[in-house]
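The next block holds one structure in the form of C-alpha coordinates; read it before the comments.
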(Lines of atoms letter the chains of each structure in order from A and count residues from 1; the text may use other names and numbers.)
(Lines give C-alpha, C1' and ligand atoms only; values in the text may rest on other atoms or scores of the structure.)
Protein backbone atom coordinates (compact mmCIF):
# COMPACT_ATOMS: atom_id res chain seq x y z
CA UNK A 1 0.00 0.00 0.00
CA UNK A 2 1.47 3.35 -1.00
CA UNK A 3 1.10 6.51 1.09
CA UNK A 4 -1.90 7.87 -0.80
CA UNK A 5 -3.72 4.58 -0.39
CA UNK A 6 -2.90 4.53 3.31
CA UNK A 7 -4.25 8.05 3.75
CA UNK A 8 -7.49 7.36 1.90
CA UNK A 9 -8.03 3.97 3.57
CA UNK A 10 -7.40 5.14 7.14
CA UNK A 11 -10.69 4.71 9.04
CA UNK A 12 -11.44 7.10 11.89
CA UNK A 13 -14.20 7.85 14.35
CA UNK A 14 -15.39 11.43 14.85
CA UNK A 15 -13.24 11.74 17.98
CA UNK A 16 -10.11 10.70 16.10
CA UNK A 17 -7.73 12.38 13.67
CA UNK A 18 -4.83 11.03 11.65
CA UNK A 19 -1.72 13.14 11.12
CA UNK A 20 1.01 12.46 8.56
CA UNK A 21 4.40 14.17 8.55
CA UNK A 22 5.56 15.00 5.02
CA UNK A 23 8.78 16.79 5.97
CA UNK A 24 9.84 20.27 7.15
CA UNK A 25 6.50 21.79 8.26
CA UNK A 26 4.37 19.83 5.80
CA UNK A 27 1.59 18.16 7.78
CA UNK A 28 -1.46 16.34 6.41
CA UNK A 29 -4.47 15.86 8.69
CA UNK A 30 -7.51 13.65 8.16
CA UNK A 31 -10.44 14.46 10.46
CA UNK A 32 -14.22 14.08 10.17
CA UNK A 33 -13.86 13.04 6.53
CA UNK A 34 -11.91 16.19 5.62
CA UNK A 35 -8.28 16.58 4.60
CA UNK A 36 -6.16 19.52 5.77
CA UNK A 37 -2.71 20.24 4.33
CA UNK A 38 -0.29 22.61 6.06
CA UNK A 39 2.74 24.26 4.43
CA UNK A 40 3.29 21.62 1.74
CA UNK A 41 6.92 21.48 0.66
CA UNK A 42 7.26 18.48 -1.63
CA UNK A 43 10.15 19.36 -3.92
CA UNK A 44 13.82 20.36 -3.90
CA UNK A 45 13.04 23.99 -4.74
CA UNK A 46 15.10 25.35 -1.84
CA UNK A 47 18.10 23.24 -2.88
CA UNK A 48 18.06 24.67 -6.40
CA UNK A 49 17.10 28.28 -5.69
CA UNK A 50 18.58 29.13 -2.30
CA UNK A 51 21.98 27.40 -2.30
CA UNK A 52 25.08 29.61 -2.46
CA UNK A 53 28.83 28.98 -2.36
CA UNK A 54 28.74 29.56 1.39
CA UNK A 55 25.54 27.69 2.28
CA UNK A 56 24.46 24.51 0.52
CA UNK A 57 20.85 23.44 0.96
CA UNK A 58 20.34 19.74 0.29
CA UNK A 59 17.38 17.65 1.37
CA UNK A 60 18.27 14.84 3.74
CA UNK A 61 15.46 12.62 2.46
CA UNK A 62 13.18 12.43 -0.59
CA UNK A 63 9.63 13.72 -0.64
CA UNK A 64 7.27 11.04 0.72
CA UNK A 65 4.46 11.78 -1.76
CA UNK A 66 4.10 13.54 -5.10
CA UNK A 67 1.95 16.70 -4.85
CA UNK A 68 -0.06 15.48 -7.86
CA UNK A 69 -1.33 12.62 -5.70
CA UNK A 70 -2.99 14.99 -3.23
CA UNK A 71 -6.09 15.55 -5.35
CA UNK A 72 -8.33 14.69 -2.38
CA UNK A 73 -7.19 17.55 -0.10
CA UNK A 74 -9.93 20.01 0.90
CA UNK A 75 -8.04 22.85 2.60
CA UNK A 76 -4.46 24.12 2.30
CA UNK A 77 -2.95 26.37 4.97
CA UNK A 78 0.10 28.43 4.02
CA UNK A 79 1.82 30.19 6.88
CA UNK A 80 3.99 32.61 4.91
CA UNK A 81 5.60 33.31 1.58
CA UNK A 82 8.95 31.55 2.05
CA UNK A 83 10.19 28.91 -0.37
CA UNK A 84 9.78 25.93 1.97
CA UNK A 85 6.26 26.94 3.05
CA UNK A 86 4.74 28.42 -0.11
CA UNK A 87 6.63 26.34 -2.65
CA UNK A 88 5.93 26.97 -6.36
CA UNK A 89 7.19 23.50 -7.33
CA UNK A 90 4.64 21.95 -4.97
CA UNK A 91 1.69 24.31 -5.41
CA UNK A 92 1.75 24.42 -9.22
CA UNK A 93 1.32 20.67 -9.83
CA UNK A 94 -0.93 20.38 -6.79
CA UNK A 95 -3.31 23.04 -8.13
CA UNK A 96 -3.41 21.36 -11.54
CA UNK A 97 -4.34 18.03 -9.94
CA UNK A 98 -6.77 19.42 -7.35
CA UNK A 99 -9.50 21.82 -8.48
CA UNK A 100 -11.55 21.76 -5.27
CA UNK A 101 -9.04 22.89 -2.62
CA UNK A 102 -9.38 26.19 -0.79
CA UNK A 103 -6.21 28.00 0.26
CA UNK A 104 -5.70 30.01 3.45
CA UNK A 105 -2.78 32.44 3.46
CA UNK A 106 -1.67 35.93 4.50
CA UNK A 107 -2.48 38.59 1.88
CA UNK A 108 1.16 39.08 0.84
CA UNK A 109 1.28 35.49 -0.50
CA UNK A 110 -1.29 36.30 -3.20
CA UNK A 111 1.29 36.84 -5.95
CA UNK A 112 2.97 33.49 -5.40
CA UNK A 113 -0.35 31.63 -5.39
CA UNK A 114 -1.55 33.39 -8.54
CA UNK A 115 1.70 32.50 -10.33
CA UNK A 116 1.08 28.87 -9.35
CA UNK A 117 -2.25 28.96 -11.19
CA UNK A 118 -4.44 29.48 -8.12
CA UNK A 119 -7.30 31.92 -8.63
CA UNK A 120 -8.34 34.49 -6.02
CA UNK A 121 -11.78 32.84 -5.78
CA UNK A 122 -10.10 29.81 -4.20
CA UNK A 123 -8.03 31.84 -1.72
CA UNK A 124 -9.10 32.91 1.77
CA UNK A 125 -6.88 35.81 2.81
CA UNK A 126 -6.21 35.64 6.54
CA UNK A 127 -5.63 38.39 9.08
CA UNK A 128 -4.06 37.76 12.46
CA UNK A 129 -6.65 37.24 15.20
CA UNK A 130 -9.66 37.35 12.84
CA UNK A 131 -11.82 34.20 12.95
CA UNK A 132 -12.90 32.57 9.70
CA UNK A 133 -15.67 30.00 9.31
CA UNK A 134 -15.91 28.06 6.06
CA UNK A 135 -18.08 25.02 5.59
CA UNK A 136 -17.62 22.98 8.77
CA UNK A 137 -14.25 24.35 9.86
CA UNK A 138 -13.26 27.30 12.02
CA UNK A 139 -9.89 28.97 11.47
CA UNK A 140 -8.19 31.49 13.72
CA UNK A 141 -4.93 32.85 12.27
CA UNK A 142 -2.31 33.78 14.85
CA UNK A 143 0.38 36.37 14.09
CA UNK A 144 3.76 34.63 13.93
CA UNK A 145 7.03 36.32 14.83
CA UNK A 146 9.67 34.88 12.48
CA UNK A 147 12.42 36.27 14.70
CA UNK A 148 10.16 39.35 14.80
CA UNK A 149 6.72 40.36 13.54
CA UNK A 150 6.67 41.53 9.92
CA UNK A 151 3.98 43.61 8.24
CA UNK A 152 3.05 44.22 4.61
CA UNK A 153 2.38 47.67 3.12
CA UNK A 154 -1.22 47.55 4.39
CA UNK A 155 -0.17 46.67 7.92
CA UNK A 156 -1.17 42.99 7.73
CA UNK A 157 0.91 40.30 9.40
CA UNK A 158 3.11 38.56 6.84
CA UNK A 159 3.58 35.34 8.82
CA UNK A 160 0.83 33.35 10.52
CA UNK A 161 0.17 30.26 12.56
CA UNK A 162 -3.26 28.63 12.41
CA UNK A 163 -5.76 27.25 14.89
CA UNK A 164 -8.13 25.00 12.94
CA UNK A 165 -11.15 23.35 14.53
CA UNK A 166 -12.98 20.51 12.81
CA UNK A 167 -15.68 18.79 14.82
CA UNK A 168 -14.46 18.65 18.42
CA UNK A 169 -10.73 18.68 17.64
CA UNK A 170 -8.58 21.81 17.40
CA UNK A 171 -5.20 21.73 15.67
CA UNK A 172 -2.49 24.36 15.92
CA UNK A 173 0.19 24.75 13.27
CA UNK A 174 2.81 27.32 14.20
CA UNK A 175 4.27 28.10 10.82
CA UNK A 176 7.63 29.74 11.49
CA UNK A 177 7.30 31.35 14.93
CA UNK A 178 9.31 32.57 17.91
CA UNK A 179 8.02 33.85 21.26
CA UNK A 180 7.00 37.52 21.17
CA UNK A 181 5.62 40.02 23.65
CA UNK A 182 2.00 40.10 22.46
CA UNK A 183 1.52 36.39 21.81
CA UNK A 184 -0.66 35.75 24.88
CA UNK A 185 -3.29 37.98 23.28
CA UNK A 186 -3.64 35.52 20.39
CA UNK A 187 -3.03 32.21 22.18
CA UNK A 188 -5.90 29.70 22.39
CA UNK A 189 -6.32 26.12 23.57
CA UNK A 190 -5.78 23.23 21.20
CA UNK A 191 -5.67 19.44 21.17
CA UNK A 192 -2.80 18.87 18.74
CA UNK A 193 0.09 21.35 18.71
CA UNK A 194 2.39 21.21 15.68
CA UNK A 195 5.28 23.55 16.47
CA UNK A 196 8.57 24.37 14.72
CA UNK A 197 11.44 23.49 17.09
CA UNK A 198 14.63 24.14 15.13
CA UNK A 199 15.53 27.17 17.26
CA UNK A 200 17.57 30.18 16.19
CA UNK A 201 21.03 31.65 16.62
CA UNK A 202 23.19 34.58 15.54
CA UNK A 203 24.98 32.66 12.75
CA UNK A 204 21.77 31.61 11.07
CA UNK A 205 20.21 35.06 11.35
CA UNK A 206 23.36 36.68 9.92
CA UNK A 207 23.04 34.34 6.94
CA UNK A 208 19.39 35.15 6.31
CA UNK A 209 17.97 32.08 8.08
CA UNK A 210 15.25 33.35 10.39
CA UNK A 211 14.57 31.09 13.34
CA UNK A 212 11.81 29.56 15.41
CA UNK A 213 10.99 28.26 18.86
CA UNK A 214 13.64 26.12 20.46
CA UNK A 215 12.54 22.87 22.08
CA UNK A 216 12.17 24.36 25.56
CA UNK A 217 10.05 27.24 24.28
CA UNK A 218 7.89 24.87 22.23
CA UNK A 219 7.20 22.75 25.31
CA UNK A 220 6.20 25.83 27.28
CA UNK A 221 3.92 27.05 24.51
CA UNK A 222 2.24 23.67 24.04
CA UNK A 223 1.60 23.53 27.78
CA UNK A 224 0.20 27.06 27.71
CA UNK A 225 -2.27 25.90 25.03
CA UNK A 226 -3.21 22.84 27.12
CA UNK A 227 -2.30 20.66 24.16
CA UNK A 228 -2.80 16.92 24.48
CA UNK A 229 0.22 16.27 22.30
CA UNK A 230 3.16 18.23 20.90
CA UNK A 231 4.43 17.43 17.42
CA UNK A 232 7.81 19.04 16.60
CA UNK A 233 8.48 20.26 13.06
CA UNK A 234 11.18 21.91 10.94
CA UNK A 235 14.09 20.15 12.65
CA UNK A 236 15.26 17.40 10.30
CA UNK A 237 15.27 18.28 6.59
CA UNK A 238 18.33 20.50 6.10
CA UNK A 239 21.70 20.23 7.83
CA UNK A 240 22.16 24.01 7.92
CA UNK A 241 18.86 24.56 9.75
CA UNK A 242 18.27 21.51 11.91
CA UNK A 243 18.65 20.25 15.46
CA UNK A 244 19.18 16.70 16.77
CA UNK A 245 16.08 14.53 16.74
CA UNK A 246 16.38 13.88 20.47
CA UNK A 247 16.63 17.53 21.51
CA UNK A 248 12.96 17.76 22.51
CA UNK A 249 13.23 14.80 24.87
CA UNK A 250 16.56 16.09 26.19
CA UNK A 251 14.93 19.42 27.04
CA UNK A 252 12.16 17.67 28.94
CA UNK A 253 14.61 15.61 30.95
CA UNK A 254 16.99 18.48 31.65
CA UNK A 255 14.31 20.98 32.67
CA UNK A 256 11.89 18.47 34.24
CA UNK A 257 8.92 19.67 32.22
CA UNK A 258 7.12 16.94 30.34
CA UNK A 259 4.39 16.72 27.73
CA UNK A 260 3.10 13.93 25.51
CA UNK A 261 4.84 14.20 22.16
CA UNK A 262 5.48 12.33 18.94
CA UNK A 263 8.58 12.64 16.78
CA UNK A 264 7.84 11.51 13.24
CA UNK A 265 9.74 9.82 10.51
CA UNK A 266 8.87 11.23 7.05
CA UNK A 267 5.61 9.75 5.77
CA UNK A 268 4.69 8.33 9.17
CA UNK A 269 1.09 8.32 10.43
CA UNK A 270 -0.04 9.14 13.97
CA UNK A 271 -3.64 8.67 15.13
CA UNK A 272 -4.89 11.05 17.80
CA UNK A 273 -7.94 10.25 19.93
CA UNK A 274 -9.65 13.03 21.85
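In our numbering, the protein residues as written are 177 to 450. Positions of the beta carbon are idealized from the N, C-alpha and C atoms, including for glycine. Model, not experiment: these values are computed from the prediction.
Check: Counting along the chain, where does the alpha helix (DSSP H) carrying residue 445 start and finish?
Finding: From DSSP, residue 445 is part of no alpha helix (DSSP H) but of the beta strand (DSSP E) over 445–449.
Item checked: Close Cβ partners of residue 223 (< 7 Å) along its chain, the five nearest in sequence each way excluded -> For residue 223, where only same-chain residues beyond five positions count, the Cβ hits under 7 Å are 233, 234 and 235.
Notebook entry, point to check: What residues in its chain sit with their C-beta under 7 Å from that of residue 431, if we drop five residues either side in the sequence?
Noted result: 392
Check: Going by other Cβ atoms of all chains shown within 10 Å of its Cβ, with 16 needed for buried, is residue 214 buried or exposed?
Finding: buried
Next item on the list: Would you mind reading off the limits of the beta strand (DSSP E) that contains residue 281?
Entry: Residues 278–281.
Checklist line | Distance, residue 389 Cα to residue 440 Cα | finding: The alpha-carbon atoms of residue 440 and residue 389 are separated by roughly 18 Å.
Notebook entry, point to check: Any contact of the region 177–196 with the region 343–354, i.e. 3+ C-beta pairs under 8 Å?
Noted result: yes
Next item on the list: Select from 256, 195 and 315 the residue whose C-alpha is nearest the C-alpha of residue 206.
Entry: 195
Check: For residue 244, which three-state DSSP category applies?
Finding: helix
Notebook entry, point to check: Counting pairs of Cβ atoms below 8 Å between the region 265–276 and the region 284–296, do you hit three or more?
Noted result: yes
Notebook entry, point to check: Cα-Cα, which of 352, 185, 178 and 336 is closest to residue 411?
Noted result: 352
Check: In the DSSP assignment, what residue or residues form a beta bridge with residue 211?
Finding: 206
Next item on the list: Sort 320, 435, 211 and 186 by Cα distance to residue 313 and report the nearest one.
Entry: 211
Checklist line | Bounding residues of the alpha helix (DSSP H) (the contiguous stretch that carries residue 379) | finding: 378–382
Next item on the list: Please confirm if the region 324–336 is in contact with the region 366–375, defined as three or more CB-CB distances below 8 Å between the two stretches.
Entry: no
Checklist line | Alpha-carbon to alpha-carbon, residue 340 and residue 252 | finding: 11 Å
Margin query: So the candidates are 442, 436 and 226; which of them puts its Cα closest to the Cα of residue 237?
Written below: Scanning 442, 436 and 226 for the CA closest to the CA of residue 237 turns up 442.
Checklist line | With 16 other Cβ atoms within 10 Å as the buried cut-off, status of residue 327 | finding: exposed
Margin query: Run through the DSSP bridge pairs and tell me what residue 354 is partnered with.
Written below: 321
Next item on the list: Tell me whether residue 408 sits in a helix, a strand or coil according to DSSP, three-state version.
Entry: In the three-state reduction of the DSSP assignment, residue 408 falls in the strand class, which pools E and B.
Notebook entry, point to check: Can the beta-carbon of residue 280 be found closer than 9 Å to that of residue 319?
Noted result: Their beta carbons are not under 9 Å apart, which means residue 280 does not touch residue 319 by this criterion.
Check: Between which two residues does the beta strand (DSSP E) containing residue 193 stretch?
Finding: 192–199
Note to self: Rounded to the nearest angstrom, what separates residue 245 and residue 180 at their Cα positions?
What the structure shows: 7 Å
Item checked: Pairwise C-alpha distance: residue 309 and residue 248 -> 21 Å
Next item on the list: Might you give, ordered along the chain, the residues of its own chain that have their beta carbon closer than 8 Å to the beta carbon of residue 401, omitting 5 neighbours on each side?
Entry: Beyond the five residues adjoining it in sequence on each side, residue 401 comes within less than 8 Å, by CB distance, of 348, 363, 364, 365, 366 and 369 in the same chain, given in chain order.
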